[in-house]
Amino acid sequence: MKKTICLLAFLCLGFTALAQTTEEETTAVDTRDISKNELSLNAFNLVTFGILDFSYERVINENSTWSTELFLHFNKDYYDEAYYKDVSVTGKYKHFFSSSYARGFYVHGFGMLSSGEYETEYWHNSGTGESEWDTDNYTDFAIGFGLGGKFISSGGFLLDLSGGIGRNLFNNSAPEIIGQFMVNLGYRF
115 MKKTICLLAF LCLGFTALAQ TTEEETTAVD TRDISKNELS LNAFNLVTFG
165 ILDFSYERVI NENSTWSTEL FLHFNKDYYD EAYYKDVSVT GKYKHFFSSS
215 YARGFYVHGF GMLSSGEYET EYWHNSGTGE SEWDTDNYTD FAIGFGLGGK
265 FISSGGFLLD LSGGIGRNLF NNSAPEIIGQ FMVNLGYRF
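Sequence positions in the sequence shown follow our numbering and run 115 to 303.
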């Protein structure tokens, strides 16, 4: 009888210790999953074009987030086909499809207020038949959507890859179609 009681006590202590270890390991993983804030920088734009593109993202729940992005293009003498805007502020809503906490594959919708200079071609009627380029300043609002994937390490560092396309709505002097390509590096805290 003493052996049976000792064996049961030993088993109960063993299961209790195992449950505590599992709970401690789960708590360490869950700590990152309850973090709600992210800061990141678009490394692609910084390295390729010298553009600062910051993002702040807030986790709403395990399947969705909202973010605000600030785009600053300082080199106003250099314009390429990718970016005619000087400054923009973008709001995004992301919906995630994985079972992980606000990470993995997602779709997003966005609204962007942007300002810059855009070159438009017009025909000069002097009889030469040649076209000329005119540069106009613009401010416009665009809506769009995109796809992406977010990867987060156990230490909180993140990589967010996404692309999107949208349309400016109000100003004829603005580019009609806008694109976004992001390789964001950041931290979830």
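Glycine included, each C-beta is placed from N, C-alpha and C at the ideal position.
Small disclaimer: the values here were computed from a predicted structure and weren't measured.
Cβ-Cβ distance between residue i and residue j below 7 Å
i      : j      : result
TYR220 : GLY280 : no
TYR197 : ALA288 : no
ARG302 : GLU183 : no
HIS222 : LYS199 : no
GLY260 : SER276 : yes
ASP254 : THR234 : no
Counted within 10 angstroms of its Cβ, other Cβ atoms place residue i as buried (16 or more) or exposed
i      : result
ILE257 : exposed
THR141 : Residue placement at THR141 is poorly supported in this model, since its pLDDT is 45, which falls under 50; the coordinates still yield a value, given next. Flag for THR141 reads exposed.
SER169 : buried
PHE211 : exposed
PHE224 : buried
ILE266 : buried
ARG217 : buried
Coarse secondary structure for residue i, derived from DSSP in three states
i      : result
LEU283 : coil
ASP252 : A quick correction: the sequence has Tyr, not Asp, at residue 252. Looking at TYR252 - three-state DSSP - the assignment turns out to be strand.
ILE148 : coil
GLU290 : coil
ARG217 : coil
Opening and closing residue of the alpha helix (DSSP H) in which residue i lies
i      : result
PHE158 : 157-163
Limits of the unbroken beta strand (DSSP E) element including residue i
i      : result
TYR170 : 166-175
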